[in-house]
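Each remark here refers to the structure printed beneath this line.
Residue numbers (full-length UniProt numbering): 1 to 120.
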């Protein structure tokens, strides 16, 4: 991967990280500032369902933060864009689709096929 691509991905990952952190702060503010009383139990159930959905999204993003930080570390180490299984370069197109990936498409396909066989 050439230095221009590496810098592109560094900026992309840092932008993703900042967006996730900002959303997390906004969610905390929204959930702590909102004190609503619902007269209708259905309205309360809908609000609780929405809140649970938002929390699940933030939990997924929390796990993504770890992967983003690991990808930035790989950039710093000079190993970003290398498949951890076979050592081949991961295509730029794949990296754009999934900037935190550690597997090339061939190894990822093999991993998914193995998971299907095991029923994971």
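Don't be surprised by glycine CBs; every beta carbon is placed ideally from N, CA and C.
For residue 104, same chain residues with a beta-carbon under 6 Å away, outside a window of 5 residues either side, are 83, 88 and 90 in chain order. By the C-beta density criterion, residue 81 is buried, having at least 16 other C-beta atoms within 10 angstroms. Under the three-pair Cβ rule at 8 Å, the segment 65-82 counts as touching the segment 9-19. Rounded to whole angstroms, the gap between the alpha carbons of residue 85 and residue 114 is 14 Å. Taking all protein chains in view, the Cβ of residue 31 is surrounded by fewer than 16 other Cβ atoms within 10 Å, so the residue is classified as exposed.
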